[in-house]
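A.B. asks:
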Amino acid sequence: MYLLRRRLRHLKTISIFNVSLIKEQGNSAIEIKAVPSVFIVIEDLKGRCIYVSETQAGTQLYAQFNELPQLSYAISKVRLRIIGKVPGSLLKDDSEEAWVVLADHVLNFNQLHPVPDKDMSLNLFKGVNIPALYFSDGVFTLSGTTQSTGGSGNRAPFSTMTRAKTFNFNSVLKLNKLLEYSSELHSELCELSNSISSEVPDQRECYSKNLIIEAKKKLEDTIRLRKERIKYLQVAVHEKQTPPRNLVEDSKFNEDYGSTFFEYSDTKHHLKTLKARRMQQLFQAMQETKLFTSSGLVIPDSEQSIFHAHLRKLNAMSLARDSNRISTNTLLGHYLLFLHILSEKILFVRLPHRLSYYGSTSVINNRLPLYLTSSPTQQHVADFERAVDLFNLDIMQVRQFLERHR
Numbered sequence: 002m003y004l005l006r007r008r009l010r011h012l013k014t015i016s017i018f019n020v021s022l023i024k025e026q027g028n029s030a031i032e033i034k035a036v037p038s039v040f041i042v043i044e045d046l047k048g049r050c051i052y053v054s055e056t057q058a059g060t061q062l063y064a065q066f067n068e069l070p071q072l073s074y075a076i077s078k079v080r081l082r083i084i085g086k087v088p089g090s091l092l093k094d095d096s097e098e099a100w101v102v103l104a105d106h107v108l109n110f111n112q113l114h115p116v117p118d119k120d121m122s123l124n125l126f127k128g129v130n131i132p133a134l135y136f137s138d139g140v141f142t143l144s145g146t147t148q149s150t151g152g153s154g155n156r157a158p159f160s161t162m163t164r165a166k167t168f169n170f171n172s173v174l175k176l177n178k179l180l181e182y183s184s185e186l187h188s189e190l191c192e193l194s195n196s197i198s199s200e201v202p203d204q205r206e207c208y209s210k211n212l213i214i215e216a217k218k219k220l221e222d223t224i225r226l227r228k229e230r231i232k233y234l235q236v237a238v239h240e241k242q243t244p245p246r247n248l249v250e251d252s253k254f255n256e257d258y259g260s261t262f263f264e265y266s267d268t269k270h271h272l273k274t275l276k277a278r279r280m281q282q283l284f285q286a287m288q289e290t291k292l293f294t295s296s297g298l299v300i301p302d303s304e305q306s307i308f309h310a311h312l313r314k315l316n317a318m319s320l321a322r323d324s325n326r327i328s329t330n331t332l333l334g335h336y337l338l339f340l341h342i343l344s345e346k347i348l349f350v351r352l353p354h355r356l357s358y359y360g361s362t363s364v365i366n367n368r369l370p371l372y373l374t375s376s377p378t379q380q381h382v383a384d385f386e387r388a389v390d391l392f393n394l395d396i397m398q399v400r401q402f403l404e405r406h407r
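By this note's numbering, the letter at position 67 of the sequence shown is numbered 68, and the numbering carries on one by one without gaps.
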């Protein structure tokens, strides 16, 4: 496996070679190689701690930290601190144990020097406290910290040869095919998205168009009413300027008015009779349903006219407690169908909410269910209660119309 860029999450193991403590004495320094314990600290360049290891014995001049966790960081530059325990021989008899920073390295994972796994030994590294970092594509250390050995003139191409083994012709060919397939899939998804967008209308444009149409109608109605008002005022002014009519003209005018009013009353009575006959036919057609029982939802008045029929409102709580869901849903569907036919086909009443009949699964406003399932969810129950409230508003609209036309 070859990494294009090494990051902290790719780090597997850290080894420290030539673990030593340097003691300054005057102008010279003494290298003390017996360090009892050592541990490492990994920080980011802002000084925030990322990982602290457990202590390892450093008396053999070598310490390896294999228990690195899965560090999910994408940074490629860190600070590595190597901290060792001060040997007891350097402390006073009554002193407590002390720890000291053996080395402080700022590591750039992409500027490290490769180290061959087979040739790693203590003699390979120059200096003290040299870290070796194990990645998926090899082992790396700081530049200038390894000894130049015989036959190492070709050490630089070593990493190149290792990387070239993983990128053979078959792998590159597969990668090329994958890229071609990915580009084709992306283009097909774009075409499909564009075709769907072209088919689906923009709701904002439709809403704006409807507003413009309604505003246009209101403006036309206002202009029409003002023209009628102007015409009425002109007629009134003209009548004031003309001489009063004689008794013959007044009598003729009264006769025309009486005839027109009689025709209007006769037509109104005929329409009411026609509506009553159609309501009676609707009641007879739906007599087989449970709407017209003594405990039903529609109660006709046999002693008075058909317009005195009483339409009951629904109670969502009592409907939800009913154990026979199928019978309840069927009754609700019949009630919705009855109200829809009565308002749209007979009384010509405009309802505030749209009724859609689908048998025992009828809905309000094309989305709210006027039915209950065998295992309703909390959202379904809330939608059902909302649908019952809207349906009751439609019932009140029809009831008010019937009361005005009795």
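All residues carry an ideal CB built from backbone N, CA and C; glycine is no exception.
Bear in mind that the values here come from a model prediction, so they are computed numbers and not experimental data.
Examine the Cβ distances between the segment 78-92 and the segment 33-52 and report whether three or more of them are shorter than 8 Å.
C.D. replies: yes
A.B. asks: Using the C-alpha atoms, what's the distance from F40 back to E55?
C.D. replies: 6 Å
A.B. asks: Using 10 angstroms around the beta-carbon of F263, count the other beta-carbons present and answer buried if the total reaches 16, otherwise exposed.
C.D. replies: exposed
A.B. asks: Am I right that H341 and L356 are in contact with their C-beta atoms under 8 Å? What's the rounded C-beta distance?
C.D. replies: 5 Å
A.B. asks: How would you write the range of the beta strand (DSSP E) that L134 sits in, first residue to last?
C.D. replies: Per DSSP, L134 belongs to the beta strand (DSSP E) from I131 to F136.
A.B. asks: Do the CB positions of F392 and L348 come within less than 8 Å of each other?
C.D. replies: no
A.B. asks: Here's the rule: buried if 16 or more other CB atoms are within 10 angstroms of the residue's CB, otherwise exposed. What is I365?
C.D. replies: Buried, since its Cβ has 16 or more Cβ neighbours within 10 Å.
A.B. asks: How many angstroms separate the CA atom of C191 from the CA atom of S184?
C.D. replies: 11 Å
A.B. asks: Tell me the residue span of the alpha helix (DSSP H) that contains G334.
C.D. replies: R326 to I342
A.B. asks: How is T167 classed by DSSP in three states: helix, strand or coil?
C.D. replies: Here the model assigns T167 a pLDDT of 43, short of 50, so the residue's position is not dependable, and the following value carries that caveat. The answer is helix: DSSP assigns T167 an H, G or I state.
A.B. asks: For L91, decide whether its Cβ has a neighbour in chain D, counting only Cβ atoms nearer than 8 Å.
C.D. replies: The chain labelled as chain D is not found in the depicted structure, where only one protein chain is given.
A.B. asks: Would the beta-carbon of G145 fall within 8 Å of that of P115?
C.D. replies: no
A.B. asks: Rounding to the nearest angstrom, what Cα-Cα distance links T150 and S137 in this structure?
C.D. replies: Here T150 scores only 45 on pLDDT, less than 50, and its place in the model is too uncertain to base an answer on.
A.B. asks: DSSP puts D105 in a beta bridge; with which residues?
C.D. replies: R82
A.B. asks: Tell me the residue span of the alpha helix (DSSP H) that contains H381.
C.D. replies: Q379 to R405 is the span of the alpha helix (DSSP H), which, as asked, contains H381.
A.B. asks: Counting pairs of beta carbons, one from the segment 125-133 and one from the segment 4-19, are three or more of them closer than 8 Å?
C.D. replies: Touching, per the Cβ criterion.
A.B. asks: To the nearest angstrom, how far is it from the Cα of G416 to the Cα of D267?
C.D. replies: In this structure the chain extends from 2 to 407, so residue 416 is not present and cannot be described.
A.B. asks: On the DSSP letters alone, give me the boundaries of the beta strand (DSSP E) that S319 sits inside.
C.D. replies: Note, S319: premise wrong, no beta strand (DSSP E); alpha helix (DSSP H) at A317 to R322.
A.B. asks: Can you list, in chain order, the residues of its chain with a C-beta nearer than 7 Å to that of L338? Leave out the 5 residues immediately preceding and following it.
C.D. replies: Only Y358 meet the Cβ criterion.
A.B. asks: Rounding to the nearest angstrom, what Cα-Cα distance links L193 and R407 in this structure?
C.D. replies: 59 Å
A.B. asks: Does the beta-carbon distance from L371 to A388 come in below 8 Å?
C.D. replies: yes
A.B. asks: Compute the distance between the beta-carbons of F110 and R10, then report whether it is under 8 Å.
C.D. replies: With respect to the 8 Å criterion, F110 and R10 are not classified as neighbours on the basis of their beta carbons.
A.B. asks: Which term fits D395, buried or exposed, when burial requires 16 or more other beta carbons within 10 angstroms of its beta carbon?
C.D. replies: D395 counts as buried, since no fewer than 16 other beta carbons sit within 10 angstroms of its beta carbon.
A.B. asks: From the DSSP output, which residues share a beta bridge with F40?
C.D. replies: I84
A.B. asks: Answer with buried or exposed for K13, where buried requires no fewer than 16 other C-beta atoms within 10 angstroms of its C-beta.
C.D. replies: exposed
A.B. asks: Measure the alpha-carbon distance for K218 versus S209 and round it to whole angstroms.
C.D. replies: 14 Å
A.B. asks: Can you tell me whether DSSP reads A277 as helix, strand or coil?
C.D. replies: helix
A.B. asks: Am I right that D323 and T331 are in contact with their C-beta atoms under 8 Å? What's the rounded C-beta distance?
C.D. replies: The C-beta distance from D323 to T331 rounds to 12 Å, too long to fall under 8 Å, and the pair is not in contact.
A.B. asks: If you draw a straight line from the alpha carbon of K273 to that of G259, how long is it in whole angstroms?
C.D. replies: 21 Å
A.B. asks: What residue from L298, N325, F308 and I327 has the CA that sits closest to F315's CA?
C.D. replies: A quick correction: the sequence has Leu, not Phe, at residue 315. Per the Cα distances, L298.
A.B. asks: Report yes if the C-beta distance between V36 and K86 is below 8 Å; otherwise report no.
C.D. replies: yes
A.B. asks: Within this structure, are the beta carbons of A310 and I300 separated by less than 8 Å?
C.D. replies: yes
A.B. asks: Given a threshold of 16 other Cβ atoms within 10 Å of its Cβ, counted over all protein chains shown, does T142 qualify as buried or as exposed?
C.D. replies: buried
A.B. asks: Count the other C-beta atoms from every protein chain shown that fall within 10 angstroms of the C-beta of I197, then say buried if there are 16 or more, exposed otherwise.
C.D. replies: In the assembly as shown, I197 is an exposed residue. Its beta-carbon has fewer than 16 other beta-carbons within 10 Å.
A.B. asks: Can you tell which of Y135, R49, S73 and S306 has its C-alpha closest to the C-alpha of N1?
C.D. replies: The structure shown does not extend to residue 1, since the chain is modelled only from 2 to 407, so the question has no answer here.
A.B. asks: With a CB to CB cut of under 8 Å and the five nearest residues on each side skipped, what residues in its chain are close to T425?
C.D. replies: With the chain covering only 2 through 407, there is no way to say anything about residue 425.
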